[in-house]
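Only one structure is covered here, and it is reproduced in the block below.
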Amino acid sequence: MEKPARPVVDIARLSKSFGEGPTAVHALVDINLTINTGEVVGLIGPSGSGKSTLLNCIGCITEPDVGEIRLDGREIYHDKWMIDDLRRLRLETIGFIFQFHNLLPFLSAWENVAIVRTLMGEDMEQAKARAMDLLGYLQVDNRANSPPAKLSGGEAQRVAIARALANEPRIILADEPTAALDSERATIVIELMKKVAVEREAAVIVVTHDEKIFSRLDRMVHLRDGRIVDTERPDHA
Ligand SMILES: Nc1ncnc2c1ncn2[C@@H]1O[C@H](COP(=O)(O)OP(=O)(O)OP(=O)(O)O)[C@@H](O)[C@H]1O
Ligand SMILES: [Mg+2]
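In structure tokens form, the structure reads like this:
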């Protein structure tokens, strides 16, 4: 049975500027956005429109100026951080995926995933078992012993997704995850994200310019000059 959707990311009147006075850049202006479990939402917009800033505010990396952020029902930011240990919050709640995979070059694929579990306090044997499960789930377990340099772009990105899932995050944030992939690989990656969102009751937020994946998104949120100017639901083929 599918569980009813519930909000995992809930943002109200969020603003963020860089600098002050006449040269200030208003990177985010009065953003209101709610994202539910099971959803894959795209942040779309021209360069400089605030996509990465919004992702980084949700990921508790960038501090907003004002507004509210609730993550998985918890009040995280209310005109100031409401949580003392943001590092721990990130580790427990959020998985990040970047444009270029950012895997550690001196570790094998499985070690890159397992390291997250060990950071959470799991012993290496269990961490490895969990890493192998995840690599299997993403259909890249046959490359478990390879270092990142020996993986194809699509394989490395799937390992990076496995790593982002290793802490069982409720929120997955991805900045241009498919930019370096061909159309077929990009589609596989985005479909895996949808599967994760539904099966693990997570919310996935993807910054993307990649038109190849637009039709796979549940919702496209268009940003311009730091504001949400439009939200659309792509027609699913
Ligand atoms: N740390 C910072 N210091 C100063 N200005 C910043 C900083 N980070 C972002 N900005 C500015 O805020 C605005 C929004 O930037 P952001 O990185 O969110 O854009 P983006 O939509 O992700 O663009 P791109 O598609 O190029 O990645 C831009 O004008 C940018 O120059
Ligand atoms: Mg960006």
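Counting from 1, position 80 in the sequence shown corresponds to residue 80 in the numbering used here; the numbering is continuous, with no gaps. Idealized CB from N, CA, C, for every residue including glycine.
Note on residue 23: under 16 other CB atoms within 10 angstroms of its CB, so exposed under the neighbour-count rule. Residues close to ligand 2 by the beta carbon criterion (under 7 Å to any non-hydrogen atom) are, from first to last along the chain, 51, 52, 175 and 207. For residue 198, the distance from the CB to the nearest heavy atom of ligand 1 is not below 8 Å.
The closest heavy atom of ligand 1 lies 8 Å or more from the beta carbon of residue 222.
Annotation for residue 98 indicates a beta carbon at 8 Å or more from all heavy atoms of ligand 1.
Cβ contact annotation for residue 93 (same chain, cutoff 7 Å, sequence separation greater than five): 71, 72, 169, 170 and 171, in chain order. Secondary structure note for residue 107: it is in no beta strand (DSSP E), with a DSSP letter that is neither H nor E. For the 9 Å CB-CB criterion, residue 206 and residue 40 form a contact.
With a cutoff of 8 Å, residue 29 does not count as near ligand 1, since its C-beta is closer than that to no heavy atom of the ligand. Residue 32 places its beta carbon 9 Å or farther from that of residue 5.
At the C-beta level, residue 189 and residue 139 stay beyond 9 Å of one another. Note on geometry: alpha-carbon atoms of residue 163 and residue 187 lie some 19 Å from one another. Counting along the chain, residue 154 sits inside the alpha helix (DSSP H) bounded by residues 153-165. Within 8 Å of the C-beta of residue 214 there is not a single heavy atom belonging to ligand 1. Annotation: the segment 27-112 contains the following complete segments of the beta strand (DSSP E) (minimum length 3 residues), in chain order: 40-44, 66-71, 74-78 and 94-97.
Here the alpha carbons of residue 233 and residue 217 stand approximately 8 Å from one another.
Residue 54 has its Cβ nearer than 8 Å to a heavy atom of ligand 1. The continuous stretches of beta strand (DSSP E) do not include residue 192, which lies in the alpha helix (DSSP H) extending over residues 183-199.
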